[in-house]
Amino acid sequence: MRVLFLTGREIEYSRNAVLLRAFKKFASVDVIEASTTKPIHYIRNLKIVFQGLSALTFQSYDLVFIGFYGHIILRLLSPFIRQPILFDAFISNYDTLCFDRKLFRPDSLLGYLSFWLDQANGKRATHLLIDTDNHAKYFVDTFGLSAKKISSLPVGCRDDIFDPHLFKQEDPSRPASKESDKSRTRVLYYCTYLPLHGVETVLNAAKALEHEPIDFNLVGNGSQFHQMIKLADTLAIQNVTFQPPLPVAELAAEIVRADICLGGHFGISAKARRVVPGKIYQMLAMGRPIIATNTPANSKLMSHQKTAYLIPPKDSAALSNAIITLHNQPSLRQKLATHGRQLYLNEASEEVITDQLRTIVADLTKTI
127 MRVLFLTGRE IEYSRNAVLL RAFKKFASVD VIEASTTKPI HYIRNLKIVF
177 QGLSALTFQS YDLVFIGFYG HIILRLLSPF IRQPILFDAF ISNYDTLCFD
227 RKLFRPDSLL GYLSFWLDQA NGKRATHLLI DTDNHAKYFV DTFGLSAKKI
277 SSLPVGCRDD IFDPHLFKQE DPSRPASKES DKSRTRVLYY CTYLPLHGVE
327 TVLNAAKALE HEPIDFNLVG NGSQFHQMIK LADTLAIQNV TFQPPLPVAE
377 LAAEIVRADI CLGGHFGISA KARRVVPGKI YQMLAMGRPI IATNTPANSK
427 LMSHQKTAYL IPPKDSAALS NAIITLHNQP SLRQKLATHG RQLYLNEASE
477 EVITDQLRTI VADLTKTI
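Offset between the sequence shown (1-based) and the working numbering: plus 126.
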């Protein structure tokens, strides 16, 4: 079968990359992608729409897949599509802009437009992909979509990059000791500094542990980055290093070097409760012990003290207690690392995602 794959975000974006690799396992794929990581612009979307229209005019396809972030592309191109449309909704514009980032009110003109865009795309697409069952329920309840036309597919990650066997890995069970610099526990958190990431919770936990042999490495940049730098200065935190965003391969290496990985999301927005952070899949895949929030989505995937250490969101005391617990219990770190890696292989590996996607596409096209 032949698939036209369009996406408004760069193809290297984790969600897009994993789904493209999955499609290529069972279909011939033509890709029209965004060529920059800069914010979405109408001009770029129009370019993708025109390229998509040309491809649909001169080529024959069994399925059109519109990946993340393709909301505007779907709205503009859909009148010209006769094939089944599989749309990776992935996020809700309405929820993200009005409630998560709070850029404008739900009852404002832009609020109504974002709601309409989500609802109209959901109704136009033949089938939708969402990342978790909790998130799928939100689309059903909020936009009146049929649950039958939505499938949840985990974000996962690239197995050819996030594989612990590709790295010389230090023993996660090595004992912690105040006498040795080599035994200082390394805690890693990376994000794009959005409100739902709750970086302030991590900084407050780091402050509480400043007299312990524990170092924090925060990787990334984003809207609240300078605000968090200011908070760290105000708290006079000495055990936190801020690092700029890393290429994906270097990020995998950074995960390997960490003794404890923070999966989040540590914010308290409704969206944070419905989604499993993409970084969690990467950390599970790398076989590292994870501290994550005890949200409905996270707790459905992971079990406390078996595959992750789960804590309440926006609770710096709980986070610092979890970190010191794992610092002092190398055997528990090893248990979480081992069981977490197996959980990833069973539930979210590229093989699992490919099998699920193949089934969804087969039902849509009746050709596989």
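Positions of the beta carbon are idealized from the N, C-alpha and C atoms, including for glycine.
Fill in: Alpha-carbon spacing of Ala148 relative to Glu476, whole angstroms
7 Å
Fill in: When Leu322, Phe351, Ala331 are compared against Phe392, the one with the closest alpha-carbon
Leu322
Practice prompt. Check Ile169 in the structure and name its three-state DSSP category.
Written response: helix
Discussion item. In this structure, how does DSSP classify Ile198 when only helix, strand and coil are distinguished?
Written reply: helix
Fill in: Cut-off 6 Å between Cβ atoms - residues of its own chain near Leu236, not counting five sequence neighbours on either side
Phe230
Practice prompt. Can you say whether Ser180 is buried or exposed, counting buried as having 16 or more other CB atoms within 10 angstroms of its CB?
Written response: Its Cβ having fewer than 16 others within 10 Å, Ser180 is exposed.
Practice prompt. Just tell me which of Gly134, Pro280, Arg208 has its CA closest to the CA of Leu410.
Written response: Pro280
Worksheet item: Can you tell me the Cα-Cα spacing of Phe213 and Leu202, whole angstroms?
Response: Rounded to the nearest angstrom, the two C-alpha atoms are 14 Å apart.
Worksheet item: Under a Cβ-count criterion, where at least 16 other Cβ atoms within 10 Å of its own Cβ denotes burial, should Ile169 be classed as buried or exposed?
Response: Classification for Ile169: exposed.
Worksheet entry | Span of the alpha helix (DSSP H) around Phe265 | 259 to 269
Discussion item. Which of the three DSSP states is assigned to Thr311 in this structure?
Written reply: strand
Worksheet item: Roughly how many whole angstroms lie between the Cα atoms of Val129 and Ala153?
Response: 7 Å
Practice prompt. Entirely within the stretch 327 to 393 and at least 4 residues each: give me those alpha helix (DSSP H) ranges in chain order.
Written response: The stretch 327 to 393 contains these whole alpha helix (DSSP H) runs: 351 to 361, 374 to 383.
Fill in: Residue burial classification, Ser140 (beta-carbon count within 10 angstroms, cutoff 16)
buried
Worksheet item: Between Gln132 and Ile174, what straight-line distance do the alpha-carbon atoms span, to the nearest angstrom?
Response: In the sequence as presented, Gln is not what sits at residue 132; that position holds Leu. Each residue's Cα considered, the two are about 8 Å apart.
Practice prompt. Identify which residue in Pro373, Thr367, Gly134 has its Cα closest to the Cα of Leu344.
Written response: Thr367
Practice prompt. Pick helix, strand or coil for Ser240, following the three-state DSSP scheme.
Written response: helix
Discussion item. Can you look up Cys317 in the DSSP assignment and give me helix, strand or coil?
Written reply: For Cys317, the secondary structure class from DSSP, reduced to helix, strand or coil, is strand.
Worksheet entry | Sub-9 Å separation of Thr258 and Val401 beta-carbons | yes
Practice prompt. From the DSSP output, in three-state form, read off Arg459 for me.
Written response: helix
Worksheet entry | Exposure of Leu445, with buried meaning 16 or more beta-carbon neighbours within 10 Å | Around the beta carbon of Leu445, a 10 Å sphere encloses 16 or more other beta carbons of the protein chains shown; the residue is thus reported as buried.
Worksheet item: Which residues share a DSSP beta bridge with Thr419?
Response: Ile437
Worksheet item: Taking Cβ to Cβ, would you say Ile276 is nearer than 9 Å to Leu254?
Response: yes
Worksheet item: Would DSSP call Ile207 helix, strand or coil?
Response: coil
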